[in-house]
Amino acid sequence: MFEKQQKWARARMAPETWDRLRQSTAGLGDSLHRGATASRRWVTIGSEHVTSMRSARFEPWRIIVAALAVFIVALILSPLEGQGLNTVPALLLLVCVGLSTYMADWVGGVTASLVSLICLDVFFIGDTPALDSLPMARSFVIMAVFALASAAAVATIEHLKYDRANARLEAASLRAANTALSAVEIAAAQRPPGDQPAYVNVLSTILTAMVRVNRASTGALYLLDAPSATLIRAAAYGDDRETALDGDSSRFDVPVGSGLAGRVALERRPIAVFDTLAEEDIEDILETNPHARSVVGVPLIDPSDKLVGVAWVGLYVPYRFGLTAIARLTALANRTIAFMEAARLADDQGELLDRVQDHYRRLQAVIQTIPEAVMVARPPYGAIVASNAAAQRMFGVDLDGPADTRRADRLHLSGTPDSEFENPILQSLRQGVVVTGVELTVRQADGTTIPVVASAAPLRDDDGTIDAVVGIFQDVAPLKEA
Numbered sequence: 160m161f162e163k164q165q166k167w168a169r170a171r172m173a174p175e176t177w178d179r180l181r182q183s184t185a186g187l188g189d190s191l192h193r194g195a196t197a198s199r200r201w202v203t204i205g206s207e208h209v210t211s212m213r214s215a216r217f218e219p220w221r222i223i224v225a226a227l228a229v230f231i232v233a234l235i236l237s238p239l240e241g242q243g244l245n246t247v248p249a250l251l252l253l254v255c256v257g258l259s260t261y262m263a264d265w266v267g268g269v270t271a272s273l274v275s276l277i278c279l280d281v282f283f284i285g286d287t288p289a290l291d292s293l294p295m296a297r298s299f300v301i302m303a304v305f306a307l308a309s310a311a312a313v314a315t316i317e318h319l320k321y322d323r324a325n326a327r328l329e330a331a332s333l334r335a336a337n338t339a340l341s342a343v344e345i346a347a348a349q350r351p352p353g354d355q356p357a358y359v360n361v362l363s364t365i366l367t368a369m370v371r372v373n374r375a376s377t378g379a380l381y382l383l384d385a386p387s388a389t390l391i392r393a394a395a396y397g398d399d400r401e402t403a404l405d406g407d408s409s410r411f412d413v414p415v416g417s418g419l420a421g422r423v424a425l426e427r428r429p430i431a432v433f434d435t436l437a438e439e440d441i442e443d444i445l446e447t448n449p450h451a452r453s454v455v456g457v458p459l460i461d462p463s464d465k466l467v468g469v470a471w472v473g474l475y476v477p478y479r480f481g482l483t484a485i486a487r488l489t490a491l492a493n494r495t496i497a498f499m500e501a502a503r504l505a506d507d508q509g510e511l512l513d514r515v516q517d518h519y520r521r522l523q524a525v526i527q528t529i530p531e532a533v534m535v536a537r538p539p540y541g542a543i544v545a546s547n548a549a550a551q552r553m554f555g556v557d558l559d560g561p562a563d564t565r566r567a568d569r570l571h572l573s574g575t576p577d578s579e580f581e582n583p584i585l586q587s588l589r590q591g592v593v594v595t596g597v598e599l600t601v602r603q604a605d606g607t608t609i610p611v612v613a614s615a616a617p618l619r620d621d622d623g624t625i626d627a628v629v630g631i632f633q634d635v636a637p638l639k640e641a
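In the numbering used here, the protein residues as written are 160 to 641.
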C-alpha cells in the first residue's frame, strides 16, 4: 500500500520537488536516528553495566523496592493532608525518588516517580482519596512540577553514578597502564644495547599500555623510515600476525600521507575516526584488524621536533574519542619517545664502550709485546695502573695487589754514583716534562741489580692537565757486559 501511495504522490509532483522531498525525508530520518541514539544513551548510562536499552535491567526487586519505599513514606505522611503541609510530603517523596534511583538505577527512579505521583494524587492533592487531580488546573500544575523535578533528580543521580563508575574504570585503566609502564621500564632497563628483538618487545609493551589505558581492543605502533618516507609497523595489539620488523613482509608498510597512520604522520596531529565503515582511506587499520570500528592515532615527535613514528588504538564499536583519551595517548606517546631516546643513547654508549674496549685490548697487546719494561702511572702519587710482563718481571709489580704496593715512589731504583738520582716517572708527574736517557739501577727482591736506561713522558687531557705518565725502563746489562 505504501508503494501505491508513493507512486500516486510522485505522479502529482514535479521531479525537482520529489527529489527535494526525498532528500529532506532522508535527512529527517538521520536526525531522528541520531536523536533516538542519544536519548537511549542518556536514559541508560546510569548503571555501571547497562549500556543500551536492550540490556536495561527490569529485575522485579528494583520495581518492588522503589514502589514500597515511596508508598510507605506516603502512607506515614498521609495524616498531614489538609493541614497546609502538602509541601513536606512532596519534598520527602522527591527524596525517595532520588534514593530509589541511587539504589535501583533508573528503573527504580522511574518507578518511584510514578508511584509518587499516584500517592500525591490519592493522599495529598484533590478533594477525595482518589485519582481526581488531573481535571483541576492547580493540581495539574503541582503534579507536572513534581514530575519534572523527579525527572531532573533521576537524570542527575544517574549521571553522577555514571561519572563515578567511569572514574573507577579510568582509575582501573590507569593502574593497569602504570603496571604496564613499570614493566616497560624494567624491560627497557634490562635490554642489552643493540638487542633488536628486545627493543621490539619493549615497544610492544608500550603499545599494550596505550591500549589498556584507553580500554581499547586493538592498536599498532609504527616507526618512520625517513629515507623512503614509509611507516614500518613495529608492534601490533589484537593481531596474531607477525610484524614487519620481525618478518620479511612489507604488507604493513604505510607511506606517509596514505591511510590513517600516514595522514597522522603527514599532518603531525591526532586524528580520530568515529566509524571506519563511513570512512575512506583506512586500509592500514583494516589490514591490522578488520574488526576495528573506531580509532584514534597520534604522532610520535622527538624533542628536536622530528617525526619518528605513529601510534593508534581502536575499539570494535563506533566511538567518539574525547580530548581526555587523546591526551592520555599523547602522554604515552611521549613516554615512547623517551624510551626510544634512551635506547638510542644506550646503543650509542654500548657501541662506544665496545670501541673503547677494543682499543684498550689492542693497546694492551702492543704494550705486552714491547721487550722493555713499560708502566703507566696516574697522578698525584704515581699509582701504577698498567704494566707489561717485562715490567712485572723487573720490578715485581702486581696490578692485582694492594694500591700502596703499586706506586712509582715505591720502586726500588737508585742512581749512578756520578749523577743525581730522581725517579723519571715522578719528575714527569711533577714538572710535566719529557725525561729521557736517565741511567738507573733496579734492585730486585733477590738482591740482584739491573742497570737500566729510563724515560718518561706525560699524557695530557684536552685541557692540558696531566692524566698519566708512561715510563719505559730498558735493561742495558747486556750492553755493559759487551
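We put the CB at the ideal spot given by N, CA and C, even for glycine. Just so you know, these numbers come straight off a predicted model, no measurement behind them.
Taking all protein chains shown into account, do 16 or more other C-beta atoms lie within 10 angstroms of the C-beta of Y396, making it buried, or fewer, making it exposed?
Flag for Y396 reads buried.
Can you tell me whether DSSP reads I609 as helix, strand or coil?
Here I609 sits in strand by DSSP.
To the nearest angstrom, how far is it from the Cα of L253 to the Cα of T270?
Between L253 and T270, the C-alpha separation is close to 12 Å.
Using only alpha-carbon positions, find the residue among Q523, Q603 and T595 that is nearest to R569.
The option with the nearest alpha carbon to R569 is Q603.
Could you tell me the distance, in whole angstroms, from the CA atom of V533 to the CA atom of I526?
In a straight line, the C-alpha of V533 is about 7 Å away from that of I526.
Pull the bridge partners of Q633 from the DSSP assignment, please.
The partner list for Q633 (beta bridge, DSSP) reads V612.
DSSP three-state call for E317: helix, strand or coil?
Three-state result, E317: helix.
According to DSSP, is G456 helix, strand or coil?
The answer is strand: DSSP assigns G456 an E or B state.
Between V628 and L588, how many whole angstroms is the CB-CB distance? I'm expecting something under 8 Å.
Contact flag correct, Cβ pair sits at about 5 Å.
From what residue to what residue does the alpha helix (DSSP H) around L236 run?
P219 to L236 is the extent of the alpha helix (DSSP H) around L236.
Suppose you measure from the CA of V454 to the CA of F480; what does that come to, to the nearest Å?
Computed Cα separation, rounded: 8 Å.
By DSSP, does A627 sit in helix, in strand, or in coil?
Strand.
Does the stretch 589-597 come into contact with the stretch 541-548, if we say contact requires no fewer than three beta-carbon pairs (one atom in each stretch) closer than 8 Å?
The stretch 589-597 vs the stretch 541-548: no contact.
Between which two residues does the alpha helix (DSSP H) harbouring V254 extend?
It spans T246 to C278 - the alpha helix (DSSP H) in which V254 sits, taken as one unbroken run.
From the DSSP output, in three-state form, read off R619 for me.
The answer is strand: DSSP assigns R619 an E or B state.
What three-state label does DSSP hand A385 in the structure shown?
A385 falls in the helix class under three-state DSSP.
Taking 7 Å as the cut-off, does the CB of S417 come closer than this to any heavy atom belonging to the ligand ADP?
With respect to small molecules bound, the structure shown includes none, and the ligand ADP cannot be examined in it.
Under three-state DSSP, which class holds S376?
Here S376 sits in coil by DSSP.
Among the residues of its own chain, which have a CB less than 7 Å from the CB of K639, if the five just before and after it don't count?
If we look at K639 and ignore the five residues flanking it on each side, its Cβ neighbours are P610.
Nearest-angstrom Cα distance between S116 and L258?
Nothing can be reported for residue 116: it is not among the residues displayed for the chain, which extend from 160 to 641.
Is it right to say T624 is buried, meaning 16 or more other beta carbons lie within 10 angstroms of its own, or is it exposed?
Result: exposed.
Given a cut-off of 8 Å, decide if F299 and L279 are closer than it, judged by their beta-carbon atoms.
No, Cβ-Cβ distance for L279 and F299 is not below 8 Å.
Helix, strand or coil for I543 per DSSP?
Looking at I543 - three-state DSSP - the assignment turns out to be strand.
Would T176 be called buried (16 or more neighbouring beta carbons within 10 Å of its own) or exposed?
So T176 counts as exposed.
Would DSSP call L404 helix, strand or coil?
Unreliable placement is indicated for L404, whose pLDDT of 43 sits below 50; the coordinate value is still reported in the next sentence. L404: coil per DSSP, three-state reduction.
Would you tell me roughly how many angstroms separate the C-alpha atoms of D434 and A228, rounded to the nearest one?
Going from the Cα of D434 to the Cα of A228 covers about 44 Å.
State buried or exposed for I365, treating a residue as buried only when at least 16 other CB atoms are found within 10 Å of its CB.
It is buried - the Cβ of I365 has at least 16 other Cβ atoms within 10 Å.
Determine, using beta-carbon pairs with one atom in the stretch 481-499 and one in the stretch 511-519, whether at least three such pairs fall under 8 Å.
Contact between the stretch 481-499 and the stretch 511-519 is absent, because fewer than three Cβ pairs lie under 8 Å.
Rounded C-beta distance between S341 and Y475? I'm assuming under 8 Å.
Not really, about 28 Å apart at Cβ, beyond 8 Å.
Does DSSP put Y396 in a helix, a strand or coil?
It is a strand residue.
Around the C-beta of A403, are 16 or more other C-beta atoms found within 10 angstroms, so that it is buried, or is it exposed?
Only weak support is given to the placement of A403: the predicted model assigns it a pLDDT of 41, under 50, and the value that follows is read from those uncertain coordinates. Classification of A403: buried, given that the 10 Å Cβ count is 16 or more.
Considering just the uninterrupted stretch of the alpha helix (DSSP H) at E446, what are its terminal residues?
Taken as a continuous stretch (DSSP letters only), the alpha helix (DSSP H) holding E446 covers E442 to T447.
Does the beta carbon of I584 come closer than 8 Å to any beta carbon on chain B?
The structure shown contains no chain B; it is built from a single protein chain.
Expressed to the nearest angstrom, what Euclidean distance is found between the alpha-carbon atoms of T315 and W265?
Whole-angstrom Cα-Cα distance: 11 Å.
Whose C-beta lies closer than 7 Å to the C-beta of G237 among residues of the same chain, with five residues either side of it excluded?
Note that residue 237 corresponds to Ser in the displayed sequence, not to Gly. Correct list, in chain order: F282.
Opposite S573 in the DSSP bridges: which residues?
DSSP output for S573 lists T600 as bridge partner(s).
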